[in-house]
Every structure is written in C-alpha cells, then in structure tokens.
Amino acid sequence: MSGSLVKPVYPRLRCQNGGTDDSAPYYRRDLALVHHLGFAFHANETAPGIMALVEPLLTRNGLVVELGCGSGLLTRHLIDAGHRVIATDASPAMLELAREVAADAEDIRLLVLPDDPIPPADAIVSVGHVLNYLPDEAAIDRALVAIADALAPGGILAIDLCDFGYGEARREAPNLGRVTDDWAIVTEFSRPSRGRFIRQMAIFSLNDDGSWRRDDERHDNVLIDVSRVPALLAGRGIQSTIGSSFGAERLPAGLRTVIGHRTDG
Ligand SMILES: C[S@@+](CC[C@H](N)C(=O)[O-])C[C@H]1O[C@@H](n2cnc3c(N)ncnc32)[C@H](O)[C@@H]1O
Numbered sequence: 002m003s004g005s006l007v008k009p010v011y012p013r014l015r016c017q018n019g020g021t022d023d024s025a026p027y028y029r030r031d032l033a034l035v036h037h038l039g040f041a042f043h044a045n046e047t048a049p050g051i052m053a054l055v056e057p058l059l060t061r062n063g064l065v066v067e068l069g070c071g072s073g074l075l076t077r078h079l080i081d082a083g084h085r086v087i088a089t090d091a092s093p094a095m096l097e098l099a100r101e102v103a104a105d106a107e108d109i110r111l112l113v114l115p116d117d118p119i120p121p122a123d124a125i126v127s128v129g130h131v132l133n134y135l136p137d138e139a140a141i142d143r144a145l146v147a148i149a150d151a152l153a154p155g156g157i158l159a160i161d162l163c164d165f166g167y168g169e170a171r172r173e174a175p176n177l178g179r180v181t182d183d184w185a186i187v188t189e190f191s192r193p194s195r196g197r198f199i200r201q202m203a204i205f206s207l208n209d210d211g212s213w214r215r216d217d218e219r220h221d222n223v224l225i226d227v228s229r230v231p232a233l234l235a236g237r238g239i240q241s242t243i244g245s246s247f248g249a250e251r252l253p254a255g256l257r258t259v260i261g262h263r264t265d266g
C-alpha cells in the first residue's frame, strides 16, 4: 500500500516535542502527526457549517474560542474566514502542530477541560468529540457549564459530542489499519459498557535513519445521552438544539451536534 491513500495536508510538519509529553494521556507526538496527516477530514468537513454559524461575529470582530483544536485544522478555516481565534487543547504535541498550521491565531494555548478557565468568548466551537475524552459524565457536565458561563451575551455555541448510539453503531466494528510510506496505524475498538468506547492504537512512525518506532495509545471515551444537554445548558442561559450536522456535512452515526446561543444577559 502506498502513501497515496492519505493526502498530506502539511507534509513538512515535524512535531519536535518527543520526550516532553510522554506523560500526556492522549495525542502524544506520533499520534498527533498521524491525526493531522491522515484524519483531517472531520475538521475539514465540519468547517463550512461552523463558518456559517459564526459568520455573524465578523461584523463585530467577535472572539472565537476553540476547545480541543488539535493540530489547528478548524482553526485554519476560522482564521481564513477572518475570525479572531484563541485555539486551545490539552495535548502539547497537538498545540505544537497548531502553532505551525495556525500561526496567525490570536493565541494558541494549553487548556485542559473541564477545570482550566475558558476565556470569555463570543463563540465557542469544538469538533472531534473533545468532551467525550473527559473521565466521566460529571466531568462532561462540568465542562458544559464552564463553556456556557464563558459565552458572552448573544454568544454562539457549536460543538459535537458522541451519544450512546456512537458505541451501538460500532459494536462489531472490525480493527482498522492504515499504512503510508511514513506512518501506519492499527486501531482496535471495544465497548465495555453502554457508556464507554475504547480505541486501542498502535502507531508506527518512520525515523530519519529509516528505522521505525512504535507508540501505543488507548483512548477511553465516555458516551452520554446527548438529549439531556439542552436542559443543562438552559439552566445557564443557553438555548440549544441537538442535531446530526453543523451544516450540509454527514456526520458519523452517534456523533451529535449541540448548537446554541446565550439568550440572557
Ligand atoms: C479527535 S481529536 C480532534 C482534534 C481536532 N478538533 C480535529 O477535529 O482535528 C480530540 C482532541 O481533544 C483533545 N482533548 C482530549 N482531552 C482533552 C481535555 N481534557 N481538554 C482539552 N482537550 C482535550 C485532544 O488532545 C485532541 O486534540
């Protein structure tokens, strides 16, 4: 199999912080780069819908805060559309890539949900089921409250979240393998309970001397009943609806959108 399976977006990118983020639970150096090169489609496909939702901010030069920005793929779309963006993530390796991909962001900073303070914002956006990475449902609720409280009057919310249906749709999902000239990844899926979805990944990356190295990551996602989120947000002044897309894109089964705005204040 050749590298033509994956169209590199920024093929010259190199994440240099190997060794400094060994304790990071998710998206260390090698997986961060593989995500950027091989799994950009979600951010790119959701971008048009998100751009339409936040478009009203342009006339008032509003600030967009992005949570779990990863390597800055959606950030790049936001900046290119003319937005001021603070892009945030919990992974130092992802942030290092984002600093190259979206160098002209207002700021790119470490922000670990649910407890790191979220800057006040005119819009908060997040794609790639970032909140499902939190340790339990209570932490997801805490993050949702913090997000709501950071939204300015009239502020816009656009995030995606995995429902229980995400795990149900993948109950028998076979292992997934992808191979390119520079990297390969093998992913094993499991669903130990209705509210848990696990990806066990082996990531292989080519060293400069032609040898290969391996890293392993286990992504433990918490699935929730997303239909209860609007009531939680309503208690913090946010009117929201659950949907199956941000715009015209088609999202994977069980990945739901939460789109809303602050109605009080
Ligand atoms: C599936 S990736 C999506 C990245 C990016 N939004 C995209 O669509 O390409 C999930 C992201 O959530 C981030 N993340 C995981 N746990 C987090 C936390 N507790 N706080 C903030 N970000 C977190 C990861 O580092 C990763 O960048």
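In the working numbering, the protein residues as written are 2 to 266.
Each residue gets a CB set at the ideal place from its N, CA and C atoms; glycine is no exception.
Look up residue i in the DSSP assignment and give the residues it is bridged to.
{"i": "Glu138", "result": "None, per the DSSP bridge assignment."}
{"i": "Gly50", "result": "Beta-bridge pairing links Gly50 to no other residue."}
{"i": "Ile80", "result": "According to DSSP, which records beta bridges pairwise, Ile80 is partnered with nothing at all."}
{"i": "Glu101", "result": "Looking at the DSSP assignment, Glu101 forms no beta bridge with any residue, so it has no partner."}
{"i": "Gly244", "result": "Thr258"}
{"i": "Val65", "result": "Val86, Ala124"}
{"i": "Asp108", "result": "Ile87"}
Is residue i buried or exposed, if buried means 16 or more other CB atoms sit within 10 Å of its CB?
{"i": "Asn62", "result": "exposed"}
{"i": "Trp213", "result": "exposed"}
{"i": "Arg251", "result": "exposed"}
{"i": "Glu173", "result": "exposed"}
{"i": "Arg30", "result": "buried"}
{"i": "Asn133", "result": "buried"}
{"i": "Asp137", "result": "exposed"}
{"i": "Glu67", "result": "buried"}
{"i": "Asp90", "result": "buried"}
{"i": "Leu34", "result": "buried"}
When you measure from the CB of residue i to every non-hydrogen atom of ligand 1, does any distance come out below 8 angstroms?
{"i": "Pro115", "result": "yes"}
{"i": "Asp31", "result": "no"}
{"i": "Asp209", "result": "no"}
{"i": "Phe41", "result": "One point to set straight first is that residue 41 is Ala, not Phe, in the sequence displayed. Yes, ligand 1 has a heavy atom inside 8 angstroms of this Cβ."}
{"i": "Val128", "result": "yes"}
{"i": "Cys163", "result": "no"}
{"i": "Val131", "result": "yes"}
{"i": "Asp81", "result": "no"}
{"i": "Met95", "result": "yes"}
Are residue i and residue j touching if we call contact CB-CB under 9 angstroms?
{"i": "Pro253", "j": "Thr242", "result": "no"}
{"i": "Pro121", "j": "Ala153", "result": "yes"}
{"i": "His84", "j": "Leu58", "result": "yes"}
{"i": "Gly248", "j": "Pro118", "result": "no"}
{"i": "Val126", "j": "Ile199", "result": "no"}
{"i": "Gly73", "j": "Asp123", "result": "no"}
{"i": "Glu260", "j": "Ala159", "result": "Per the sequence shown, residue 260 should be read as Ile rather than Glu. For Ile260 and Ala159, yes; Cβs fall inside 9 angstroms."}
{"i": "Asn222", "j": "Arg197", "result": "yes"}
{"i": "Gly166", "j": "Gly129", "result": "no"}
Q: With a floor of 4 residues, list each alpha helix (DSSP H) that falls wholly inside the region 144 to 232, ordered by position along the chain.
A: 165 to 169
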